[in-house]
Amino acid sequence: MLKKCIVLVTILLPFALLSQSNPKSFTVKYINEIIKVDGVLDEDVWETAESAHDFNQYFPSDTTLAAQQTDIRMLYSNTTLYIGIKLNTEGDDYVIPSLQRDYRAGGNDNISLIFDTFNDGTNAFLFGMNPYGVRREALISNGGSDRNNFTTSWDVKWKGETKLYDGYYVCEIAIPLTSFKFKQGETKWRFNSYRFDMQTNETSTWMKIPQNQLVFNLAFMGDMVFEKPLGKSRTPMALIPYVNGIVSKDYESNESLNKIGFGGDAKISIGNGMNLDVTLNPDFSNVEVDNFVTNLTRFEVSLPERRQFFIDNSDLFGSFGNGRDANPFFSRRIGIAEDKDGETIENGIIGGVRLSGKLNQNWRLGLLNIQTEEDKLNEIPSNNNTVLALQKKMFSRSNLSFIFVNRQSFEDYDFVDETDRYNRVVGLDYNLASQDNTWIGKFYYHKAFAHDIGDRNDSGGMDLRYNSRYFNFGVRGNYVGDDFRSDLGFIRRQDIIAARPFMEFNFWPKKGKLNTHGFRFSPNFIWRPTLDYQNTDYTIFSQWEAQFKTQERINVRMFNRYTYLIDPFDPTRTDGGVELPGNAGYHYTSYEMSFQSDRRRVLSYSLQPGYGDFYNGKRYVFEGDVSLRLQPKVFLSMAVIYNSIKLPEPYESEDILLLSPRINITFNKSIFWSTLIQYGNQLDNLGFNSRLQWRFAPLSDLFLVYNDNYFVNSFMPRSRSINLKLTYWLNI
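All the letters of the sequence shown, read from the start, carry residue numbers -19 to -1, 1 to 713 under mature numbering (1 follows the signal peptide of the UniProt record, and there is no 0).
Now the structure itself:
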């Protein structure tokens, strides 16, 4: 396997050495003064600071300077990086949907600052502000080549204030150097900034980025040069204890629970690049509930991780393999388990540790170990869950990564089969990213180990993509052995060989209302090796998509599908329903379109109707949402998914409806109230989740969370709970 990787790296070397020309730079001057952060740049030292200026337009054009310019000045002391920003505007009609931290940047006024502190083009810290002084921070991983490589769940302490003026606004920021990770003695960081200006309908960036690349892509960055080398940065140890009181009742089992829980986390800095996170009796009752999903497939649906403990450096652990078919580590597996009846229930976590970060300029390390509780009543053993990840930077922005995953029960339980006592996966991934992000890709091979596991116990794949302004294509494929398993992973299906190539043609009209439009063609084929490589599934996907200069989007697509059902299957999931027979093939074609309105408007919406064949019947689908912004304090939205499935007798026909109204109220920048109602007749559940959050100190919160669930048909209660949770962030 090692020889194959060496050959592969040699072949891909030319792609990885492509370079970016003419990077910008500016000097960050050293000061001894302490600057008052008040949104007024009236200290004399600001006059001496060099600036990052001459922003380039990214949208609606990427060939000119921005109409509304931005000027960024930076200074630093032994402890703090100070940033002063002047943002020119044509008026004061700002779009501010919310006062809550970690806002979504698109569709409102704000600026974001990106710092690549290890100069590797792979990972970066992001800090952002809007005209009302609302802050956000985020982590960017894997070079920012995908929207999944961006997470706002990361939290860190820093200060920022804004002040509005006639024709511009000012952001003044102070970020402790301990909030970053960097090499001692460093003299340069890579830097970029992007800004959304809704009044002129303009997105701009300091370093020029072509529109065919994401605006936070780390391939396109300039340099911020420090006047003297940075010293040792030691982040203080943080203790984050919590106390949580819960009152709940399960009406199905007629069981009540009243208890007070204690626990907490500790964050310990090791050197300038590593973090040690420790958790004891963690509680995730304050985490946002998952959105309901209408699942018409035969397979499990992957939902995003929302728990803070698993977020920091999550790309080190969770980006291996193929996220669609065979990801060897999926953190949401920890904390849930199947009971003796095969039902998925919550499984308590006793505690865990995670060591992650940069060993040096070229190496990253991740080590995760978590112990879960035993539940003999439900025949769930106590498991030790371990993940080791090691990543070596190669060339400019590529890396070679190793992973070891182990789930093991150390005690002898009568209800645990020998084949389920342990499961291990070992794997190697090569992640390709050329310096200008024209070529990106992944090549991987993983092997599973367990007692009496079969010979088809491996998984592998490739994904090589070319990204240019007018033409994109990808060569993608993977296989998952019939015996491959990862108990801590997401394995959508086994015993497959898949081929998923694609090509795109994009056009950029110089005149008219369209900003860009293009065509995509993407066939998808799956073969089953244990069935003599029978082609059991294919989808021929064709699409035309357009974006208007006024930010509306429209999309028209066609699906030509073939599905060979090995086993009987009822797509409506009706209890006791008649299933479509197995060992039968179905050809079906369907059509969909979508329209997304301008998100800058007070009232915005999206529509997505579809109609066509569905197995041996018909399916009509409608998805949509509508949002009303009563800025800056109230944001109302409603999402709907409706599926009308009509199959011939005696098979099931069903109308499946999912409604999700949401109310977000931000009373100020410290008190937030959100309520989500979800009605889903496929799940037979009507759920209410209401969460009140008071951030009474930096990164310290009081949560009041109310959950209520009812059966849809009878409107009888299923479960109800109320949580009061207090967390406090204490630096030592």
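Positions of the beta carbon are idealized from the N, C-alpha and C atoms, including for glycine.
This one's a predicted model, so the numbers in the text were calculated from it and none came from an experiment.
Worksheet item: Who are the near neighbours of E233 in its chain, counting only those whose CB is closer than 8 Å to its CB and skipping five residues on each side?
Response: R699 and S700
Worksheet item: Whole-angstrom Cβ separation of I292 and T132, contact assumed at under 8 Å?
Response: 6 Å
Worksheet item: Exposed or buried, what is S585 when buried is set at 16 or more other beta-carbons lying within 10 Å of its beta-carbon?
Response: buried
Worksheet item: If we count the other Cβ atoms within 10 Å of its Cβ and call it buried at 16 or more, is G422 buried or exposed?
Response: buried
Fill in: Span of the beta strand (DSSP E) around F383
S379 to Q389
Practice prompt. Specify the secondary structure class of I(-14) as computed by DSSP and reduced to three states.
Written response: Only weak support exists for where I(-14) lies, its pLDDT of 40 falling under 50; the value from the coordinates is given anyway. Helix, per DSSP.
Discussion item. With a threshold of 7 Å on Cβ separation, who are the neighbours of P629 within its own chain once the five nearest residues in sequence on each side are excluded?
Written reply: N597 and G598
Discussion item. Less than 8 Å between the C-beta atoms of L657 and R676, yes or no?
Written reply: no
Item to complete: Have a look at G470 and D398 and give me their C-alpha separation to the nearest angstrom.
Response: 20 Å
Discussion item. Extract the residue ranges of the beta strand (DSSP E) inside the stretch 61 to 115, only unbroken runs of 3 or more that lie entirely within it.
Written reply: 61 to 69, 91 to 97 and 105 to 110
Worksheet item: What is the DSSP secondary structure of W27, counted as helix, strand or coil?
Response: helix
Worksheet entry | Expected contact under 8 Å - CB spacing of Q528 and N487 to nearest Å | Contact doesn't hold; Cβ gap of about 10 Å is too wide.
Practice prompt. Between the Cα of S295 and those of W344, L348 and T260, spot the shortest distance and give me the residue it belongs to.
Written response: L348
Fill in: Contacting residues, own chain, Cβ-Cβ under 6 Å from I703 (five flanking each side not counted)
V228 and Y687
Worksheet item: Rounded to whole angstroms, how far is the Cβ of L261 from the Cβ of G242, which I believe are closer than 8 Å?
Response: So it is not a contact: roughly 11 Å between Cβ atoms.
Worksheet item: What's the call for F696, buried or exposed, on a 16-neighbour Cβ count within 10 Å?
Response: exposed
Discussion item. Just list the residues that DSSP pairs P590 with in beta bridges.
Written reply: F603
Discussion item. Quick check on D264: buried or exposed, where buried means 16 or more other Cβ atoms within 10 Å of its Cβ?
Written reply: buried
Practice prompt. Might you give, ordered along the chain, the residues of its own chain that have their beta carbon closer than 8 Å to the beta carbon of F163, omitting 5 neighbours on each side?
Written response: T98, F99, W170, L211, S214, N253 and G254
Fill in: Helix, strand or coil at E399 [DSSP, three-state]
helix
Worksheet entry | As assigned by DSSP and simplified to three states, the class of S575 | strand
Item to complete: Keeping to the same chain, check which residues put their C-beta closer than 6 Å to that of R287; ignore five residues upstream and five downstream.
Response: V268 and E269
Discussion item. Taking a contact to mean a Cβ-Cβ separation below 8 Å, would you say Y113 touches I77 in this structure?
Written reply: yes
Item to complete: Run the CB neighbour count on A565, radius 10 Å, all protein chains shown included, and call it buried at 16 or more, exposed below.
Response: exposed
Fill in: Runs of alpha helix (DSSP H) lying entirely within the stretch 465 to 499, each at least 4 residues, in chain order
none
Discussion item. Using the three-state DSSP reduction, which class does Q352 fall into: helix, strand or coil?
Written reply: strand
Discussion item. I'd like the span of the alpha helix (DSSP H) that includes R298, first residue to last.
Written reply: Per the sequence shown, the amino acid found at residue 298 is Phe instead of Arg. Counting along the chain, the alpha helix (DSSP H) containing F298 begins and ends at S295 to G299.
Fill in: Sheet register partners of I330 (DSSP bridge)
T353
Discussion item. One question on the structure: do I361 and D322 come within less than 8 Å of each other, judged by their Cβ atoms?
Written reply: no
Worksheet item: From K230 to E324, what does the alpha carbon distance come to, in whole angstroms?
Response: 19 Å
Practice prompt. Determine the direct distance from the alpha carbon of K17 to that of S266, and round the result to whole angstroms.
Written response: 38 Å
Worksheet item: If we ignore side chains and look at the alpha-carbon of each, how far apart do F550 and T544 end up?
Response: 11 Å
Worksheet item: Would Y514 be called buried (16 or more neighbouring beta carbons within 10 Å of its own) or exposed?
Response: exposed
Discussion item. By the DSSP assignment, the beta strand (DSSP E) with residue 732 in it spans what residues?
Written reply: Nothing can be reported for residue 732, as the shown portion of the chain is limited to -19 through 713.
Worksheet item: At which residue ranges does the stretch 508 to 546 contain complete beta strand (DSSP E) runs of 3 or more residues, listed in the order of the chain?
Response: 515 to 529 and 534 to 546
Worksheet item: Quick one, are the C-beta atoms of R437 and D468 less than 8 Å apart?
Response: no
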